[in-house]
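Q: For the sequence shown, the residue numbers in our numbering are 1074 to 1425. By construction, the Cβ of each residue, glycine as well, lies at the ideal position given by its N, Cα and C atoms. Note that the structure is a prediction, hence the values are computed from the model and not measured.
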Amino acid sequence: MSIKEYLPCIFGGSKPNNNSVVVDESKNEIKVLLLGAGESGKSTIFKQMKIIHQSGFPEEERNQYKDTIYGNVVRAMKNLVENSLALDIPVEEPENRKRAEHINNMDSDVLINIQKVWTPELGQDIGHLWQDGGIKKTFERRNEFQLDDSSPYYFSNMDRISAPDYIPSQEDVLRSRVKTTGIVEISFPMGNRTIKMMDVGGQRNERKKWVHCFEGVAAIIFVINASEYDQNCYEDNETNRMRESLQLFEETVNSKWFVETNIIVFMNKIDLFREKIQKRDLTCIFEDYKGGCNFENAIEFMKEKFEEKNKFKDTKKVYTHLTCATDTDVMQKAFESIEDVLMRSNTPKKPL
1074 MSIKEYLPCI
1084 FGGSKPNNNS
1094 VVVDESKNEI
1104 KVLLLGAGES
1114 GKSTIFKQMK
1124 IIHQSGFPEE
1134 ERNQYKDTIY
1144 GNVVRAMKNL
1154 VENSLALDIP
1164 VEEPENRKRA
1174 EHINNMDSDV
1184 LINIQKVWTP
1194 ELGQDIGHLW
1204 QDGGIKKTFE
1214 RRNEFQLDDS
1224 SPYYFSNMDR
1234 ISAPDYIPSQ
1244 EDVLRSRVKT
1254 TGIVEISFPM
1264 GNRTIKMMDV
1274 GGQRNERKKW
1284 VHCFEGVAAI
1294 IFVINASEYD
1304 QNCYEDNETN
1314 RMRESLQLFE
1324 ETVNSKWFVE
1334 TNIIVFMNKI
1344 DLFREKIQKR
1354 DLTCIFEDYK
1364 GGCNFENAIE
1374 FMKEKFEEKN
1384 KFKDTKKVYT
1394 HLTCATDTDV
1404 MQKAFESIED
1414 VLMRSNTPKK
1424 PL
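#1: When burial is assigned at 16 or more other CB atoms within 10 Å of the CB, is Arg1314 buried or exposed?
#2: May I ask you to report which of helix, strand or coil DSSP gives Asp1140?
#3: As an exercise, report each continuous beta strand (DSSP E) stretch of at least 3 residues that is fully enclosed by the segment 1294-1356, in chain order.
#4: Please list the segments of the beta strand (DSSP E) lying wholly inside the segment 1148-1233, counting only runs of 3 or more residues, in order along the chain.
#5: Is the segment 1126-1139 close to the segment 1169-1179, with three or more CB pairs under 8 Å?
#6: Take Ser1116 as the anchor and find which of Thr1388, Lys1386, Leu1345, Phe1339 has the nearest alpha-carbon.
#7: Quick one: is Arg1241 buried, meaning 16 or more other Cβ sit within 10 Å of its Cβ, or exposed?
#8: CA-CA distance, Lys1269 and Val1105?
#9: Going by DSSP in three states, Ser1410 sits in which element: helix, strand or coil?
#10: Whole angstroms is fine: what's the gap from Met1263's alpha carbon to Gln1405's?
#11: On the three-state DSSP scale, how would you describe Ser1128?
#12: Val1096: buried (16+ other C-beta within 10 angstroms of its C-beta) or exposed?
#13: Find out if the Cβ-Cβ distance for the pair Arg1414, Ala1292 is shorter than 9 Å.
#14: Leaving out five residues on either side along the sequence, give the residues of the same chain with a beta carbon under 6 Å from the beta carbon of Trp1203.
#15: Can you say whether Asn1298 is buried or exposed, counting buried as having 16 or more other CB atoms within 10 angstroms of its CB?
#16: Considering only the alpha carbon of each residue, which of Glu1369, Asn1156, Arg1316 lies closest to Arg1214?
#17: Between Glu1098 and Thr1267, what straight-line distance do the alpha-carbon atoms span, to the nearest angstrom?
#18: What three-state label does DSSP hand Phe1119 in the structure shown?
#19: Would you call Gln1304 buried or exposed, if buried means 16 or more other Cβ atoms sit within 10 Å of its Cβ?
#20: Spatial neighbours of Ser1223 within its chain, please: CB distance less than 6 Å, with the 5 preceding and 5 following residues excluded, ordered by chain position.
#21: Could you check the C-alpha separation between Val1257 and Gln1219 for me, to the nearest Å?
#22: Would the C-beta of Glu1381 count as close to the ligand COA, meaning under 8 Å from any of its heavy atoms?
#23: Do you know offhand how far Ile1259's Cα is from Glu1102's?
#24: According to the neighbour-count rule (16 or more other Cβ atoms, all chains shown, within 10 Å of its Cβ), is Gln1127 buried or exposed?
#25: Smallest Cα separation from Ser1194: which of Glu1166, Gly1365, Tyr1362, Arg1172?
#26: Can you check whether the CB of Gly1114 is closer than 9 Å to the CB of Val1246?
#27: Run through the DSSP bridge pairs and tell me what Arg1266 is partnered with.
#28: Quick one: using the 10 Å Cβ neighbour count with 16 as the cut-off for buried, is His1394 buried or exposed?
#29: By the 10 Å Cβ neighbour count, where 16 or more other Cβ atoms means buried, how is Lys1252 classified, buried or exposed?
#30: Within this structure, are the beta carbons of Ser1410 and Lys1342 separated by less than 9 Å?
#31: Could you tell me the distance, in whole angstroms, from the CA atom of Asp1161 to the CA atom of Asn1169?
#32: Please determine, among Glu1217, Glu1323, Glu1174, Met1416, the residue with the shortest C-alpha to C-alpha distance to Leu1108.
#33: Over the uninterrupted beta strand (DSSP E) stretch that includes Phe1103, give me the two end residues.
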């Protein structure tokens, strides 16, 4: 099903109740919706709120992420090995060829229960493969296939992750990848109010659930993966991710539910974008781009592309911020900078 086919289902439906208010005054609560396409980094931002406002993840909770991290690591290396074969890029070292063959022969169904395949020796094998010249060459062509952005972080820490007494760090948990299904919430103080942030799955089959969160929203944080301009979607591997984000943003910003709702855009993964734009400019997706491989030119161009989608400029603004969801300091400053927007968005509406 194409995005055009199901977006009307998301943003259509019953007419919004104009008599509703955007804050539950008894709870002094501001409702903020975290939206964006899959792989944008929404869930990482959500986890950052727990680190910043709720003292992070205690050791017992971090230990519960071990299997998730092991699974992320094995699937990512299996993906690299499979694509090294597909791209006809041989693994260079003889010992690594044996390791690659072992990982490539793993049944994808078995990986659902990672405890059946994970051993410290497997982790060490993955660390060796990451150092192989052939795997590195395959990684350089990762825009041609699907690979989690956190993969190189984990691969570079395999000595620690493969240790028998491994306990995930806060950053390990932050970078772990689990597809968000359903709706998850977190509450934290901001000024004299409480922010209630809701994260809903960004994959296509999850977006039909968004409408259940729309009523009473004070502000929307729409997350964009800035580095995805030369990559295709997981769902069909044909649709450009940036084009999908643009279309999804246009539907969101112009929805009848959000005519007066301020939109905050987080142009996320800006660290990856800064690295990528030096090698490939935006003409691969935007023919009218003339800014070359200049970071500032490219960011300003993309910012304008999103902000121009807003058809209700007289009643609401789009506020754009550059973010790196895996950097706690950056995210803390980002939320400090939007505090005023969130508080102003919270003015209760009087019943008509």
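A: Per the coordinate set shown:
#1: Residue numbering aside, residue 1314 sits at position 241 when the sequence shown is read from its first letter. So Arg1314 ends up on the buried side.
#2: For the purposes of this step, residue 1140 is taken as the residue at position 67 of the sequence shown. Correct three-state label for Asp1140: helix.
#3: 1335-1341
#4: none
#5: no
#6: Counting from one through the sequence shown, the residue named residue 1116 turns up at place 43. When only C-alpha atoms are compared, the closest one is Phe1339.
#7: Residue numbering aside, residue 1241 sits at position 168 when the sequence shown is read from its first letter. Looking at the sequence shown, residue 1241 is not Arg but Pro. By the neighbour-count rule (16 or more Cβ atoms within 10 Å), Pro1241 is buried.
#8: By 1-based counting over the sequence shown, the position of residue 1269 is 196. By 1-based counting over the sequence shown, the position of residue 1105 is 32. Taking the straight line from one Cα to the other gives about 6 Å.
#9: Counting from 1 along the sequence shown, the entry for residue 1410 is found at position 337. In the structure shown, Ser1410 sits in a helix (DSSP, three-state: H, G or I).
#10: Translated into positions along the sequence shown, residue 1263 becomes position 190. Translated into positions along the sequence shown, residue 1405 becomes position 332. Looking at the two C-alpha atoms, the distance is approximately 12 Å.
#11: The residue labelled residue 1128 in the question sits at position 55 within the sequence shown. Of the three classes helix, strand and coil, the one that applies to Ser1128 here is coil, per DSSP.
#12: Taking the first residue of the sequence shown as position 1, residue 1096 is located at position 23. Model confidence at Val1096 stands at a pLDDT of 46, short of 50, so the residue's coordinates are unreliable; what they give is reported in the following sentence. Per the 10 Å Cβ criterion, buried.
#13: Here residue 1414 refers to the residue found at position 341 of the sequence shown. Here residue 1292 refers to the residue found at position 219 of the sequence shown. Strictly speaking, residue 1414 in this sequence is Val, with Arg absent from that position. Yes, the pair counts as a contact, with Cβ atoms nearer than the cut-off.
#14: For the purposes of this step, residue 1203 is identified with residue 130 of the sequence shown, where counting begins at 1. Excluding positions up to five away in sequence, the list reads Phe1228.
#15: Position 225 of the sequence shown holds residue 1298. Buried.
#16: The residue given as residue 1214 occupies position 141 in the sequence shown. Per the Cα distances, Asn1156.
#17: In the sequence shown, residue 1098 corresponds to position 25, counting from 1. In the sequence shown, residue 1267 corresponds to position 194, counting from 1. Its pLDDT being 48, under 50, Glu1098 is placed unreliably in this model, and the value from its coordinates should be taken loosely. Taking the straight line from one Cα to the other gives about 11 Å.
#18: Sequence index remark: in the sequence shown, residue 1119 carries index 46 (1-based). It is helical.
#19: If you number the sequence shown from 1, residue 1304 lands on position 231. Result: buried.
#20: For the purposes of this step, residue 1223 is taken as the residue at position 150 of the sequence shown. Cβ within range, chain order: Arg1248.
#21: Translated into the one-based positions of the sequence shown, residue 1257 becomes position 184. Translated into the one-based positions of the sequence shown, residue 1219 becomes position 146. If you take the alpha carbons of Val1257 and Gln1219, they lie about 25 Å apart.
#22: Annotation note on the ligand COA: not contained in the displayed structure, which lists no ligands.
#23: By 1-based counting over the sequence shown, the position of residue 1259 is 186. By 1-based counting over the sequence shown, the position of residue 1102 is 29. Each residue's alpha carbon lies about 12 Å from the other.
#24: The sequence position of residue 1127 within the sequence shown is 54, counting from 1. Per the 10 Å Cβ criterion, exposed.
#25: Here the question's residue 1194 lines up with position 121 in the sequence shown. Sequence inspection shows Glu at residue 1194; the Ser mentioned does not correspond to that position. Here the closest residue by C-alpha is Arg1172.
#26: Locating residue 1246 in the sequence shown gives position 173, where the first residue counts as 1. Locating residue 1114 in the sequence shown gives position 41, where the first residue counts as 1. In this structure, Gly1114 does not lie closer than 9 Å to Val1246 by Cβ.
#27: Taking the sequence shown and counting its residues from 1, the one referred to as residue 1266 is at position 193. According to DSSP, which records beta bridges pairwise, Arg1266 is partnered with Met1263.
#28: Locating residue 1394 in the sequence shown gives position 321, where the first residue counts as 1. Flag for His1394 reads buried.
#29: For the purposes of this step, residue 1252 is taken as the residue at position 179 of the sequence shown. Exposed, by the Cβ-count rule.
#30: Looking up residue 1410 in the sequence shown gives position 337. Looking up residue 1342 in the sequence shown gives position 269. Their beta carbons are not under 9 Å apart, which means Ser1410 does not touch Lys1342 by this criterion.
#31: The residue given as residue 1161 occupies position 88 in the sequence shown. The residue given as residue 1169 occupies position 96 in the sequence shown. Those two C-alpha atoms are separated by around 16 Å.
#32: Residue numbering aside, residue 1108 sits at position 35 when the sequence shown is read from its first letter. Checking every option, the nearest Cα to that of Leu1108 belongs to Glu1323.
#33: The residue labelled residue 1103 in the question sits at position 30 within the sequence shown. The question names Phe, but residue 1103 is Ile in the sequence shown. It spans 1102-1109 - the beta strand (DSSP E) in which Ile1103 sits, taken as one unbroken run.
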